[in-house]
Structures are given as C-alpha cells and as structure tokens.
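Chemist:
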Amino acid sequence: MQMEGYGLTTAEILYRMPDHPGLLQLYVWQDYDLAPHFPELCAFLDFWSETLQGPLHSVRVAHNHLIEPSDWVAVDGVISIQ
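Take 0 as the starting number for the sequence shown in numbering that gives the first Met the number 0 and just add one per residue.
#1: Nearest to SER57 by CA position, among LEU33, PHE37 and LEU23, is which residue?
#2: Expressed to the nearest angstrom, what Euclidean distance is found between the alpha-carbon atoms of ALA10 and HIS19?
#3: State the DSSP-derived secondary structure class of ALA42, mapped to helix, strand or coil.
#4: Please check the pair GLY53 and ARG15, which I expect to be a contact at CB under 8 Å, by giving their CB distance rounded to whole angstroms.
#5: Quick one: Cα of ASP32 to Cα of ILE80, how far?
#6: Tell me whether LEU7 counts as near the ligand NAP, meaning its Cβ is closer than 7 Å to at least one heavy atom of that ligand.
#7: For TYR5, collect the residues of the same chain with a Cβ closer than 7 Å to its Cβ; drop the 5 residues on either side in sequence, then sort them by chain order.
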C-alpha cells in the first residue's frame with residue numbers, strides 16, 4: 000500500500016456540537032490515504048455530513064509518506080539467517 004503512494008494522513012476536524020452550536024469539538028481522524036486528493040478522507044467527510052448531526056466547522060490535514068521512492072531498494076538474492 001505504501002509503495003502505491005499511500006501515506007499516513009491525520010485530520011483535525013472541528014465541528015459544532017448539535018445541542019450547543021456555540022461550542023466547537025475536536026475530532027482526530029487518522030488513516031492511510033493518497034495525497035493530494037485524499038479519497039479516504041473525502042469519503043469520511045461525506046459520511047460525516049450525510050449521517051452525523053454535528054456540522055463541520057473546519058478540517059486541518061497533515062500527510063507523510065512513510066516510504067519514499069528513494070528509500071526502497073530491490074535486492075536480488077536470498078539472505079539466510081542461522
């Protein structure tokens with residue numbers, strides 16, 4: 000999955016409490032996702048908007064590729080550990 004371009008994505012989601020709209024609550028979401036379009040995060044936010052009562056205020060996103068293309072090296076051979 001990481002070799003396909005996925006990286007660890009963290010989103011800080013601020014939303015309004017349904018019963019107290021003047022208050023903001025923080026929800027932290029984390030999953031593997033593809034930057035820059037973030038299809039997993041967009042699907043989650045769509046689910047949130049359609050299903051949950053707390054309206055979204057803002058979303059802040061951080062993304063980190065855990066394995067960069069230069070970090071991966073193909074090795075031709077077998078290493079035996081005794």
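Here a beta-carbon is modelled for each residue, glycine too, at the ideal position from N, C-alpha and C. All of these numbers come straight from a predicted model, not from anything done at the bench.
Modeler: Taking the definition as stated:
#1: In this structure, LEU23 is the residue among LEU33, PHE37 and LEU23 with its C-alpha nearest to the C-alpha of SER57.
#2: Taking the straight line from one Cα to the other gives about 23 Å.
#3: ALA42 sits in a helix when the DSSP states are folded into three classes.
#4: 6 Å between Cβ atoms; contact.
#5: Distance between the alpha carbons of ASP32 and ILE80 is about 35 Å.
#6: The ligand NAP is absent from the structure shown, which contains no ligands of any kind.
#7: Taken in chain order, the residues that qualify are TYR31, ASP32 and LEU33.
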